[in-house]
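Chemist: Take this structure first; my questions come after.
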Amino acid sequence: MKKYILGVLAVMLTTNMAQALEKQLPQPDKSGGLPLMEALQQRRSGKFFIKKDIDDKVLSNILWAAYGVNDNEGRRTIPTAMNQKELEIYIADKNGVWVYDADNNALQQISDENILKAFSSQEYMENAPLVLIYTGNKESNYVEMHAGSAYQNVGLYAASAGLNNVVRGYFDKEQVAKLIKLPENKKVIITQAIGWEK
Ligand SMILES: Cc1cc2nc3c(=O)[nH]c(=O)nc-3n(C[C@H](O)[C@H](O)[C@H](O)COP(=O)(O)O)c2cc1C
Numbered sequence: 341m342k343k344y345i346l347g348v349l350a351v352m353l354t355t356n357m358a359q360a361l362e363k364q365l366p367q368p369d370k371s372g373g374l375p376l377m378e379a380l381q382q383r384r385s386g387k388f389f390i391k392k393d394i395d396d397k398v399l400s401n402i403l404w405a406a407y408g409v410n411d412n413e414g415r416r417t418i419p420t421a422m423n424q425k426e427l428e429i430y431i432a433d434k435n436g437v438w439v440y441d442a443d444n445n446a447l448q449q450i451s452d453e454n455i456l457k458a459f460s461s462q463e464y465m466e467n468a469p470l471v472l473i474y475t476g477n478k479e480s481n482y483v484e485m486h487a488g489s490a491y492q493n494v495g496l497y498a499a500s501a502g503l504n505n506v507v508r509g510y511f512d513k514e515q516v517a518k519l520i521k522l523p524e525n526k527k528v529i530i531t532q533a534i535g536w537e538k
């Protein structure tokens, strides 16, 4: 009996922990915004951020633009070689590190550590509220291209939504891989900072 109760407690604890580690995102906006050609005209790297958080709705829009599911078969807003959806997008904000679960429109928490300092190699990063971290298999031939497609989608969404964003390669990849607890067979490809200009 004692064993049974302990077992039930363990299951309850694990379930609660699993729940605590997942954050459901609001539904992204899949209509509206600037017409595509105007967003292309507006696209720019913006190296200035005010101290203002990105709310969950905008975060959901950003991640959906980057790599969200856009049909009933789980295909994405970017094309992927052989439909192998191996790109993984982590996010870092003041509350910690999360990985995007596109199929469930959710975030899985990796850590509650604020690691934004790891991206502060340039002064304009001081107030950046959000960094996307594009990662993939070390062995992959195509994952860098997938990251490029995703960061371009984000850049266009940013242009449409009045957000500043900048793709960033100037950071310590090894350090970031450790901070986001990346498995040994995965690599950090590139990052993208995003936030409000005014
Ligand atoms: C792969 C890649 C890496 C980049 N790395 C950095 C970086 O580390 N720091 C930075 O300030 N800008 C970085 N940029 C942004 C470029 O400086 C910027 O795109 C370029 O100046 C052209 O400006 P535009 O995007 O407004 O046309 C990077 C851009 C790309 C595509």
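Counting the sequence shown from 1 gives a position; this note's numbering is that position plus 340. For every residue, glycine included, the Cβ atom is placed at its ideal position computed from N, Cα and C. Since the structure is predicted, the reported quantities are computational estimates derived from the model, not experimental observations.
1) Using DSSP with H/G/I as helix, E/B as strand and the rest coil, what is N444?
2) Can you tell me the Cα-Cα spacing of K392 and S461, whole angstroms?
3) Taking the beta carbon of R540 as the centre, do at least 16 other beta carbons fall within 10 Å, making it buried, or is it exposed?
4) For A458, count neighbouring Cβ atoms within 10 angstroms of its own Cβ and tell me buried if that reaches 16, exposed if not.
5) Under 6 Å, CB to any heavy atom of ligand 1. Which residues pass, going along the chain?
6) Under 8 Å: do the stretch 430-437 and the stretch 481-499 share three or more Cβ pairs, one atom per stretch?
7) Please name the residue in Q367, G476, E426, M377 whose C-alpha comes closest to that of N445.
8) From the DSSP output, which residues share a beta bridge with A432?
9) In terms of residue numbering, what span does the alpha helix (DSSP H) encompassing Q382 cover?
10) Could you give the DSSP three-state label for G476: helix, strand or coil?
Modeler: From the atom records:
1) helix
2) 20 Å
3) Residue 540 falls outside the range modelled here, since the chain spans only 341 to 538, and no answer is possible.
4) buried
5) R384, S385, K387, Q462, V506, V507, R508, G509, Y510, I530
6) no
7) Q367
8) V437, V471
9) 376-382
10) strand
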